[in-house]
Amino acid sequence: MKILVSGGAGYIGSHLVRELSTQQDYEIIVLDNLSKGHIKSIPNGIKFEKADVRDKKALERIFSEYKPDVVMHFCASISVEESVADPLEYYENNVVGTIYLLQAMKKHNVKYFIFSSSAAIFGNAKKVPITDNMRPDPINPYADTKAVVEKLLAWSENAYGLKYICLRYFNACGAHESGEIGEDHDPETHLIPLILQVALGQRDSISIFGDDYETKDGTCVRDYIHVTDLATAHIKALEYLIRENKSQSFNLGSGEGYTVKEIINAARNVTSHPIQAVVEARRIGDPAVLIAESTRAEQILGWKRKYNTIEDIVASAWKYHKSHINGYNDH
Ligand code: NAD
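Read in order, the letters of the sequence shown correspond to residues 1 to 331 in UniProt numbering.
Right under this line is the structure:
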């Protein structure tokens, strides 16, 4: 089976490519414009096309040449702050880019699509844990681009018979067990890499935005899900799509929440570094608690997480960051 992985040189896509490449059944083609991704994250022997999903001619060539059976769509612009500052750019990349990809799929009769959606579509969810059937209520342009694509997929199933799975990731984190690939966003906005930069002496302290929330230690609670567990969920989703020929949407988290202070403490334990933390004002729009209800994905897809403790997750990230002090260093 041939799988086109858009955004496969990015953080989550590269971990999926790594997992898929260990199985015989799949031929992988990575499409990435390398605006944020890293060619070094792709294993040798994997076909790679440097292309932009907004380039219709490039898509036509790639679909004609490789004739994929499935598209896994990771590529997107991913910063909430940037999306607020430049919403048109975000809708162009995340929505228009996806439309072009879906048009190429329709033309070339590719029926299966797996989409990297986000817990962000639920906004300031009024109820936790967040179930798969809760109504999306995005509160920023980035989140809205994901919600719009989810709707687009439902209409495309109705019109063209597309079969898709939307996977709404909660906080993706950690790194491959080998320590060879990991998280290298530019700019880095994710909590665990930022904390580990303190342990590496690259920043003086980590900011805690608000310690007066109604949570056990006053700091925000989030659901952290290991990137390899996200990758295996994609493979389970793919198997389900082929087996059942049925569209679905799933939340992917651990079902457990950790406070910011708990994450910092886990990093202190893993790195044996004191990691200085500084409490600052709350950020606008940060909900106190976001936790996924993921049991439906487990039951329906047969997905099982391998990483169950926050220490294990942080340790895997630390293994990567320790050996890649400046990330992939390829931009
Ligand atoms: P990432 O930035 O590491 O990966 C995105 C990849 O897409 C990059 O390699 C980039 O070069 C590529 N790309 C962007 N625009 C492109 C375009 N127009 N054409 C071709 N390639 C393009 O981000 P990530 O953290 O790996 O996220 C992957 C997906 O998961 C995104 O869709 C993101 O919205 C979603 N997601 C991520 C998280 C998280 O915690 N990281 C949480 C929820 C959802």
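Ideal Cβ positions, reconstructed from N, Cα and C, are used throughout, including at glycine.
With DSSP as the reference, identify every bridge partner of Glu177, one or two as the case may be.
Within the sequence shown, numbered from 1, the residue matching residue 177 stands at position 177. Glu177 is not bridged to any residue.
Distance between beta carbons of Ile62 and Leu31, contact taken as under 8 Å
Walking along the sequence shown from the start, residue 31 turns up at place 31. Walking along the sequence shown from the start, residue 62 turns up at place 62. With 8 Å as the limit, Leu31 and Ile62 qualify as a contact, their Cβ atoms being about 6 Å apart.
DSSP on Glu298, reduced to helix/strand/coil?
Position 298 of the sequence shown, counted from the start, is the residue given in the question as residue 298. Residue state, collapsed to three classes: helix.
Can you round the beta-carbon distance between Asp286 and Phe209 to whole angstroms, since I take them to be within the 8 Å contact cut?
Taking the first residue of the sequence shown as position 1, residue 286 is located at position 286. Taking the first residue of the sequence shown as position 1, residue 209 is located at position 209. By a beta-carbon distance limit of 8 Å, Asp286 contacts Phe209. Their separation comes to about 6 Å.
With DSSP run on the structure shown, which of helix, strand or coil describes Phe74?
Residue mapping note: residue 74 aligns to position 74 of the sequence shown, counting from 1. Residue state, collapsed to three classes: coil.
Just mark Pro187 as buried or exposed, buried being the case when its beta carbon has 16 or more other beta carbons within 10 Å.
The sequence position of residue 187 within the sequence shown is 187, counting from 1. Flag for Pro187 reads exposed.
C-beta contact flag for Pro68 and His108 at 9 Å
Within the sequence shown, the letter at position 68 stands for residue 68. Within the sequence shown, the letter at position 108 stands for residue 108. Against a cut-off of 9 Å, the Cβ pair of His108 and Pro68 comes out as a contact.
Sequence-distant residues of the same chain with beta carbon closer than 8 Å to Ala154, five excluded per side:
If you number the sequence shown from 1, residue 154 lands on position 154. Excluding sequence neighbours, Ala154 sits near Ser247.
Completely contained alpha helix (DSSP H) runs for the stretch 62-130, where each covers 4 or more residues
Segments of the alpha helix (DSSP H) lying fully in the stretch 62-130: 80-85, 87-90, 97-107.
Please classify Tyr320: does DSSP put it in a helix, a strand, or coil?
Translated into the one-based positions of the sequence shown, residue 320 becomes position 320. DSSP places Tyr320 in helix when its eight states are reduced to three.
Using the three-state DSSP reduction, which class does Tyr164 fall into: helix, strand or coil?
One-based indexing of the sequence shown puts residue 164 at position 164. Taken through DSSP and simplified to helix, strand or coil, Tyr164 comes out as strand.
Starting from the N-terminal side, write out each stretch of the beta strand (DSSP E) that is 3 residues or longer and does not extend beyond the stretch 184-255.
DSSP runs (the beta strand (DSSP E)) wholly in the stretch 184-255: 206-209, 224-226, 248-252.
Are there 16 or more other CB atoms within 10 angstroms of the CB of Ile325, so buried, or fewer, so exposed?
Stepping through the sequence shown from its first residue, residue 325 is reached at position 325. It counts as exposed.
Going by the C-beta, is His321 closer than 8 Å to any heavy atom of the ligand NAD?
Here residue 321 corresponds to residue number 321 of the sequence shown, with the count starting at 1. With a threshold of 8 Å, the Cβ atom of His321 does not count as near the ligand NAD, since no heavy atom of the ligand is closer than that.
In terms of residue numbering, what span does the beta strand (DSSP E) encompassing Ile29 cover?
Mapped onto the sequence shown, residue 29 falls at position 29. In the DSSP assignment, Ile29 falls within the beta strand (DSSP E) that extends over 27-32.
Would Tyr128 and Thr98 be called neighbours here (beta carbons separated by less than 9 Å)?
Counting from 1 along the sequence shown, the entry for residue 128 is found at position 128. Counting from 1 along the sequence shown, the entry for residue 98 is found at position 98. According to the sequence displayed, residue 128 carries Val and not Tyr. Not a contact, by the Cβ cut-off of 9 Å.
Any heavy atom of the ligand NAD within a distance shorter than 8 Å of the CB on Gly8?
Stepping through the sequence shown from its first residue, residue 8 is reached at position 8. The answer is yes for Gly8.
Which residue wins for smallest C-alpha separation from His273, given the options Arg283, Ser205, Asn329, Gly257?
Mapped onto the sequence shown, residue 273 falls at position 273. Nearest neighbour of His273 by Cα position, chosen from Arg283, Ser205, Asn329, Gly257, turns out to be Ser205.
Which of helix, strand or coil does DSSP assign to Tyr169?
Taking the first residue of the sequence shown as 1, we reach residue 169 at position 169. If DSSP states are grouped into helix, strand and coil, Tyr169 belongs with the strands.
Candidates Ala317, Leu4, His185, Asp312: which alpha carbon is nearest Lys111's?
Your numbering for residue 111 matches position 111 in the sequence shown. Of Ala317, Leu4, His185, Asp312, the smallest CA-CA separation from Lys111 is found for Leu4.
Reduced DSSP category for Tyr258 - H, G, I as helix; E, B as strand; rest coil:
For the purposes of this step, residue 258 is taken as residue 258 along the sequence shown, with counting starting at 1. Strand, per DSSP.
Buried/exposed call for Tyr90, threshold 16 Cβ in 10 Å:
To locate residue 90, count along the sequence shown from 1; it is residue 90. By the 10 Å Cβ count, Tyr90 comes out buried.
Can you have a look at Gly10 and say buried or exposed, based on whether 16 or more other CB atoms are within 10 angstroms of its CB?
Taking the sequence shown and counting its residues from 1, one reaches residue 10 at position 10. A buried status is given to Gly10, since no fewer than 16 other beta-carbon atoms sit within 10 Å of its beta-carbon.
Coil, strand or helix - Ile3 by DSSP:
Locating residue 3 in the sequence shown gives position 3, where the first residue counts as 1. DSSP, reduced to helix, strand and coil, places Ile3 within a strand of the structure shown.
Determine the extent of the alpha helix (DSSP H) in which Glu19 is found, giving its start and end residues.
Your numbering for residue 19 matches position 19 in the sequence shown. For Glu19, the enclosing alpha helix (DSSP H) has its first and last residue at 11-21.
Distance, Asn133 Cα to Ile300 Cα:
The count along the sequence shown starts at 1 and reaches residue 300 at position 300. The count along the sequence shown starts at 1 and reaches residue 133 at position 133. Within the model, the alpha-carbon separation for Ile300 versus Asn133 is close to 14 Å.
N- and C-terminal bounds of the beta strand (DSSP E) containing Lys306:
Position 306 of the sequence shown, counting from 1, holds the residue named residue 306. Per DSSP, Lys306 belongs to no beta strand (DSSP E) and is neither H nor E.
Mark Gly201 as exposed unless 16 or more other C-beta atoms lie within 10 angstroms of its C-beta, in which case mark it buried.
For the purposes of this step, residue 201 is identified with residue 201 of the sequence shown, where counting begins at 1. So Gly201 counts as exposed.
When you compare the CB of Glu239 with every CB in chain C, is at least one pair closer than 9 Å?
Here chain C cannot be found, since the structure has a single protein chain.
Ala288 in three-state terms, based on DSSP:
Looking up residue 288 in the sequence shown gives position 288. Of the three classes helix, strand and coil, the one that applies to Ala288 here is coil, per DSSP.
Is it buried or exposed for Asp212, if we count other Cβ within 10 angstroms and need 16 for buried?
By 1-based counting over the sequence shown, the position of residue 212 is 212. Note on Asp212: under 16 other CB atoms within 10 angstroms of its CB, so exposed under the neighbour-count rule.
Could you tell me which of Asn140, Ile121, Thr22 sits nearest to Leu252, measuring between CA atoms?
The count along the sequence shown starts at 1 and reaches residue 252 at position 252. Out of Asn140, Ile121, Thr22, Ile121 has the C-alpha closest to the C-alpha of Leu252.
Of the listed residues Arg283, Ala231, Leu191, nearest to Asn265 (C-alpha basis)
One-based indexing of the sequence shown puts residue 265 at position 265. Sorting Arg283, Ala231, Leu191 by C-alpha distance to the C-alpha of Asn265 places Leu191 at the top.
Inter-residue CB distance, His234 and Ile114 (contact presumed, cutoff 8 Å):
Counted from its first residue, the sequence shown places residue 234 at position 234. Counted from its first residue, the sequence shown places residue 114 at position 114. Contact between His234 and Ile114 holds, with the beta-carbon distance rounding to 6 Å and staying under 8 Å.
Relative to the C-alpha of Leu331, which candidate in Gly13, Ile12, Lys40, Gly7 has its C-alpha closest?
Here residue 331 is taken as the residue at index 331 of the sequence shown, counted from 1. It is worth fixing the name first, because residue 331 is His in this sequence and not Leu. Measuring from the Cα of His331, the nearest candidate turns out to be Lys40.
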